[in-house]
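Below is one structure, written out as structure tokens, with a few remarks after it.
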Amino acid sequence: MALRVGQVLRGARGSYELLQALKGSTVFKAKVLSSPVINSEWAMVKTADTKIEKMCLEREYLNYRHVAIASSPHIRSLYDAVHAAKATGEPSTDVPSSLVYEWMDHPLDHVHHASFRSHPILPKAVLKSTLSALKVFKAFNRVHADINPCNIFISDIHSTCPVVKLGDLGMAGPERWTTQRLQRLPYRAPEVWQGLGTQHASDIWSLAVTLTGSLSRFPVFGPLENRIEAPTEAWCIAKIMHLVGSLPQPVGNEIYQKEYELAERIRIMKHPLASRKLMGSLNWRETLELIPDPPVPQNVLEFLEYLLVIDPEKRPTASEALSHSYFQGEEVPRLHSDTPWHDVNRQRETMEVF
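Under full-length UniProt numbering, the sequence shown has 141 at position 141, and the numbering climbs by one with no breaks.
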């Protein structure tokens, strides 16, 4: 459904005027014009243009029909659904053409790395809230499958109680629901590269990788430093091998096997212009420990080391991670929440830049 600035959408729970395009013609900041249940000035509206986008929008809508997801204070609230109307005025389909969400000030990837490192609360709030959201998914054997800094949202960042929520559930589904390798390449877990499917542990890996990138000026994992124009998949696998450790061999797929063989060659390859290996000599923790003032807090490094385990069976669950000493003995900020979906209450209204 093509949307434009100035357009007014009418859903089951209110009317919304599109004020600003945030992502092409599919994501907008909107003003809540009228609603008997939404006590908020702003909202975010998302629609879909392509076949894949429409599939993800439908899946996201269906995911929010799980009460545990819809009611979680750690997951971005879904306010409303907008259905395209037929000429008769009746909804054209059971699947909405647009979804209306609570407004959040900005995604994690808009937070400056130095500010994130030095913030006394934010790293812990991001980890605690996202793990709490993943705990909800784990309770009924589902995965988010797209944890990355664009899908973790923050409001009230300058307050003593920053609000952090996980969003974008368009890839979420049952554990191992597809043999397709999900997760964005830099955040893809070792077992997903192997071809074993996306599982709860895979989301934990993605969260840890997300934090390493948010703490650093440049992404620690992923293909950013691919100076030899190697296939992106092989480079990302080699980066995990270099930063964390050896990976088990892929399962029953010739293409995956060739990726691993190339990744191993990339890992040991000499730099063409220097007397060192192409990928250097530091692992992920040593890389973060070299960051100058403000440094990465040691307790954050220790917690990430606890999460970044190659074997998914040895990687902690969200529940186990939330019981780690990193979260004990200190007051972690209370996570405010709008009452989501089934009983909408209020909304963060400030637009801050950190």
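From the three backbone atoms N, C-alpha and C, an ideal C-beta is built for every residue, glycine too.
CA-to-CA distance, S98 to S35, given in whole angstroms: Here the alpha carbon of S35 sits roughly 17 Å from the alpha carbon of S98.
Just to check my reading of the structure: I75 and V37 have Cβ atoms closer than 8 Å, yes? What is that Cβ distance to the nearest angstrom? Contact annotation, I75 with V37: C-beta distance approximately 18 Å; criterion of less than 8 Å not satisfied.
Three-state secondary structure assigned by DSSP to Y154: The amino acid occupying residue 154 in the given sequence is Ile; Tyr does not appear at that position. I154 falls in the strand class under three-state DSSP.
Would you identify the three-state DSSP class for E254, choosing helix, strand or coil? For E254, the secondary structure class from DSSP, reduced to helix, strand or coil, is helix.
Have a look at P223 and R13 and give me their C-alpha separation to the nearest angstrom. Roughly 43 Å separates the two Cα atoms.
How would you label H342, buried or exposed, when you count the other beta carbons within 10 angstroms and need 16 or more for buried? Any reading at H342 is ruled out, since the residue's pLDDT is 34, under 50, leaving its predicted position unreliable.
Would you kindly work out how many angstroms separate the C-alpha atoms of E261 and T232, rounded to a whole number? About 14 Å.
Which residues DSSP lists as bridging N141, in chain order: In DSSP, N141 forms no bridge with anything.
Continuous beta strand (DSSP E) stretch holding A21: start and end: Unbroken beta strand (DSSP E) run through A21: 15-23.
Relative to the C-alpha of Y326, which candidate in A48, K124, D94 has its C-alpha closest? For the residues A48, K124, D94, the minimum Cα distance to Y326 belongs to K124.
Here's a check: name, in chain order, each residue in its chain whose Cβ is nearer than 7 Å to the Cβ of V251, leaving out the five neighbours to either side. Cβ within range, chain order: Q194, G195, L196.
Please list, in chain order, all residues of the same chain as V209 whose beta carbon is under 7 Å from its beta carbon, the five residues on each side excluded. Excluding residues up to 5 positions away in sequence, P186, Y187, F221 lie with their Cβ nearer than 7 Å to the Cβ of V209 in the same chain.
Among the residues of its own chain, which have a CB less than 6 Å from the CB of M269, if the five just before and after it don't count? Spatial neighbours of M269 in its own chain (CB-CB distance under 6 Å, excluding positions within 5 residues in sequence) are listed in chain order as L278.
Local conformation of P120 per DSSP, three classes: P120 sits in coil when the DSSP states are folded into three classes, being neither helix nor strand.
Just to confirm, are L169 and E53 a CB contact at a threshold of 8 Å? In this structure, L169 lies away from E53, with their beta-carbon atoms at least 8 Å apart.
Pull up the DSSP beta-bridge partners for residue 358, would you. Only positions 1 to 354 of the chain appear in this structure, which leaves residue 358 out of reach.
Taking N253 as the reference, give the member of V192, S115, L290, S275 with the closest Cα. Nearest of V192, S115, L290, S275 to N253, Cα basis: V192.
Would you please state the rounded distance, in angstroms, between the beta carbons of E17 and V27? I believe it to be under 8 Å. About 15 Å; that fails the 8 Å criterion.
Tell me, to the nearest whole angstrom, how far the beta carbon of T198 is from that of A145; I am working on the premise that it is less than 8 Å. Yes, they are in contact, since the Cβ atoms of T198 and A145 sit about 5 Å apart, within 8 Å.
Go to R10, then tell me how far its beta strand (DSSP E) extends in each direction, as first and last residue. Per DSSP, R10 belongs to the beta strand (DSSP E) from 8-10.
Can you give me the start and stop residues for the beta strand (DSSP E) that E233 sits inside? The continuous stretches of beta strand (DSSP E) do not include E233, which lies in the alpha helix (DSSP H) extending over residues 232-243.
If we count Cβ pairs, one from each stretch, closer than 8 Å, do we get three or more for the segment 233-248 versus the segment 142-162? No, the segment 233-248 is not in contact with the segment 142-162.
From what residue to what residue does the alpha helix (DSSP H) around A172 run? Taken as a continuous stretch (DSSP letters only), A172 belongs to no alpha helix (DSSP H), as it is neither H nor E.
Give every residue of the same chain whose Cβ lies closer than 8 Å to the Cβ of A68, excluding the five residues on either side of it in the sequence, and list them in chain order. For A68, the CB contacts under 8 Å within the same chain, skipping 5 residues up- and downstream, are V136, A139, F140 in chain order.
Taking 8 Å as the cut-off, decide whether the C-beta atoms of P149 and L122 are in contact. In this structure, P149 sits away from L122, with a CB-CB distance that is not shorter than 8 Å.
Give me the residue from G173, A318, W42 with the minimum Cα distance to S77. Check the Cα spacing between S77 and each of G173, A318, W42: the tightest is with W42.
Looking at the unbroken alpha helix (DSSP H) that takes in D203, where does it start and where does it end? Unbroken alpha helix (DSSP H) run through D203: 200-215.
Member of R176, D203, E175 whose CA lies at the smallest distance from the CA of L151: According to the sequence provided, residue 151 is Asn. The question's Leu does not apply to it. Of the candidates R176, D203, E175, the residue whose Cα lies closest to the Cα of N151 is D203.
Inter-residue spacing [alpha-carbon to alpha-carbon] between P73 and S323: Taken atom to atom, the span from the alpha-carbon of P73 to that of S323 is near 19 Å.
Given this structure, state the Cα-to-Cα distance separating V111 from L288, to the nearest angstrom. Rounded to the nearest whole angstrom, the CA to CA distance from V111 to L288 is 17 Å.
Look up S319 in the DSSP assignment and say whether it is helix, strand or coil. In the displayed model, S319 falls within a helix according to three-state DSSP.
What residue from V95, K165, R181 has the CA that sits closest to S129's CA? It is K165 whose Cα lies nearest to the Cα of S129.
May I ask whether a heavy atom of the ligand SAH can be found less than 7 Å away from the beta carbon of R176? Absent from the structure shown: the ligand SAH. Ligands present: none.
Let me make sure I understand the geometry here. Which of R117, Y64, V32 has the alpha-carbon closest to that of R217? That would be R117, whose Cα lies nearest to the Cα of R217.
Using 8 Å as the threshold, is the C-beta distance between residue 359 and I154 below it? With the chain covering 1 to 354 only, the question about residue 359 has no answer from this structure.
Just to confirm, are A234 and E259 a CB contact at a threshold of 8 Å? Yes. Within cutoff.
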